[in-house]
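Take a look at the structure set out below.
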Amino acid sequence: MQEEHPLIQVARVLENANLPYCLIGGYAVAVYGEPRATYDVDFLVGCSREDFKKFLERCKGLGWSAELRGADPGDPVGDVLRVYRPFAADFLRARPGLEESCIECAEQVVLFDQKVYIVRPEYLILLLLRAGDPRSFYDALGILRVQELSRKRLDKEELRCLARDYGLERNVELLLRGEFRWNLRRPPGLF
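Throughout the sequence shown, residue numbering follows the working numbering, covering -13 to 177 in sequence.
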């Protein structure tokens, strides 16, 4: 019998713990845009700090090697639970605003013959642009290109509207014009 893909194993553990989540990172980019190499599976998880700590214990109870890194004030990522073995996975505890909205608006897709929740492409683009690094910009640009070429449902007006809501309108306009900037503006208050 073939072992389940780590992405499916992790999604199942999140669902069994009744934690709302959505897939982000390289696997989500591959669903909507241009696939790239990635060494881990990334999820946003909607829960309290206390529930996040309980989830860490659940992971350890499964025999997974895992640790929790709490966020410092101003930390751009927030709380991260990292699994090292038997595979690599990062769980980012969703913060109020964009990250919580990503989970609330997530959609179900079938990956590796299983249904999982994934961030919608408009929200993924915003997460990538907020990161502000070159790889993330190219990932966002790849999503835009693939969605346009395949006539998929990326809603540019919704993207613009969401960008205004989260202070990323300049970054989205640069993306839509195809203008690369190494120093994309990070909105105040997010970091």
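Glycine residues also receive a C-beta, built at the ideal position from the N, C-alpha and C atoms. If you're wondering where the values come from, they're calculated on a predicted model, not measured in any experiment.
If you compare alpha carbons, which of VAL(-1), GLY11 and ALA74 is closest to ILE104?
GLY11
**Item:** Beta-carbon spacing of LEU9, VAL102 below 7 Å
**Value:** yes
Roughly how many whole angstroms lie between the Cα atoms of LYS142 and LEU127? 13 Å
task: Apply the 10 Å Cβ neighbour rule to ARG116 and answer buried if 16 or more other Cβ atoms are within range, or exposed otherwise.
output: buried
#### Entry: Sequence-distant residues of the same chain with beta carbon closer than 6 Å to ASP26, five excluded per side
ALA74, ALA75 and ASP76
*asked:* My output table needs one value for GLU20: the three-state DSSP class, helix, strand or coil.
replied: coil
Inset, instruction - Evaluate contact between the segment 75 to 95 and the segment 31 to 43, counting only Cβ atoms and requiring at least three cross-stretch pairs below 8 Å. - result: yes
- Task: Can you tell me which of LYS40, TYR13, ALA23 and GLU(-11) puts its alpha carbon nearest to the alpha carbon of ASN2?
- Result: LYS40
Quiz item: By a C-beta neighbour count over all protein chains shown, 10 Å radius and 16 as the cutoff for buried, is GLY175 buried or exposed?
Solution: With a pLDDT of only 46 at GLY175, under 50, the local geometry of the prediction cannot be trusted, and the value read off the model is given with reservation. GLY175 is exposed by the Cβ-count criterion.
**OP:** Would you please state the rounded distance, in angstroms, between the beta carbons of LEU112 and LEU154? I believe it to be under 8 Å.
**Re:** 6 Å
**Prompt:** If you scan the segment 98 to 157 from start to end, which runs of the beta strand (DSSP E) of 3 or more residues do you find wholly inside it?
**Reply:** 100 to 104
Do GLY145 and VAL132 have their CB atoms nearer than 7 Å? For the record, residue 145 in the displayed sequence is Leu; it is not Gly. The answer is no: Cβ separation not under 7 Å.
Taking the beta strand (DSSP E) that PHE29 belongs to, which residues open and close that run?
27 to 31
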